[in-house]
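The structure appears below as structure tokens.
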Amino acid sequence: MHAAQNHLVELLPRVDRQRLLAACEPVDLQLGEVLCERGDAVHHVYFPIDGFISLLMQSDHHPSLEVGMVGREGMVGAALLLGVGAEPLQALVQGAGSTLRMSKEAFDNELDMSPTLRRVVGRFVFVRLSQMAGLAACMRFHLIGQRLARWLLMSQDRAHAAQFHVTHEFLAAMLGVRRVGITAAAGELARQGLITYHRGELTVLDRTGLERASCACYAADRSIYREHLA
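Counting in our numbering, the sequence shown runs without a single skipped number right up to 1364 at its last residue.
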């Protein structure tokens, strides 16, 4: 029996949780691993434990853009609840770690057997839609430095560590900006004593200060999650 260390799984009643866990297998997530491509048929759902995953939108002739991030607070494959059998986004492992993987057939069966699972996953879909709507406004109206601070906070929440590996090129792609913008924004955060960055290793020194430097979207995302999935 696997330990339930994913928040969505932990919200289930004991009997439902044990049945779901018995149908899962533990899998190690490797940094840079692609779990699925946009448009692929859904074969598995994932409940991350201590790894985390970027959800990317791909557009012709442009780099992929991050439109969501999933750690132990959520899951990949929730669109199955809506009867959609194709992946809407690319799922790229951003933080190595472990996850629980479940086949589509087993997950569909659990949705039929557990009204609570159906309700929890439905609320998670609502939260993700709300957060993605907020992201669209954030990208349009907020400065690169604010958005970078928000992204770093989101990553730290899911990495459960103050230090993680990330390049300027990767940050630029995730935020949909030029690398020079990331360099300037990261340099300013470093000058304020909020982070250090050296050869791809980024360390958060002052989380409270980083929260002040972030736009209000970070707090809004956490608030809507707590409201519906606490």
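Glycine included, every Cβ here is placed at the ideal spot set by N, Cα and C.
Values in this document were obtained by computation on a predicted structure and should not be read as measured data.
Quick one: Cα of V1176 to Cα of S1232, how far? Looking at the two C-alpha atoms, the distance is approximately 20 Å.
Alpha carbon of A1267 to alpha carbon of M1247, nearest angstrom: For A1267 and M1247, the distance between alpha carbons rounds to 31 Å.
Considering only the beta carbon of each residue, do L1305 and V1338 sit closer than 8 Å? no
Have a look at the DSSP bridge pairing and note the partners of F1298. L1336
Three-state secondary structure (DSSP) at R1235? strand
List the residues that DSSP assigns as beta-bridge partners of I1329. V1338
Span of the alpha helix (DSSP H) around S1289: I1278 to A1293
Taking 8 Å as the cut-off, does the region 1320 to 1329 touch the region 1249 to 1268 (at least 3 CB pairs, one atom from each stretch)? no
State the DSSP-derived secondary structure class of H1141, mapped to helix, strand or coil. Helix.
Suppose only complete runs of 3+ residues qualify. What are the beta strand (DSSP E) ranges in the region 1162 to 1231, listed by chain order? Within the region 1162 to 1231, the beta strand (DSSP E) runs of at least 3 residues that lie entirely inside it are, in chain order, 1168 to 1170, 1178 to 1182, 1186 to 1193, 1196 to 1204 and 1224 to 1229.
Residue range of the unbroken alpha helix (DSSP H) whose run includes C1351: C1351 to L1363
What do you reckon, are the CB atoms on P1182 and R1148 nearer than 8 Å? no
With I1358 and V1311 assumed to form a contact (beta carbons below 8 Å), what rounded beta-carbon distance in angstroms separates them? The Cβ separation is near 25 Å, so there is no contact.
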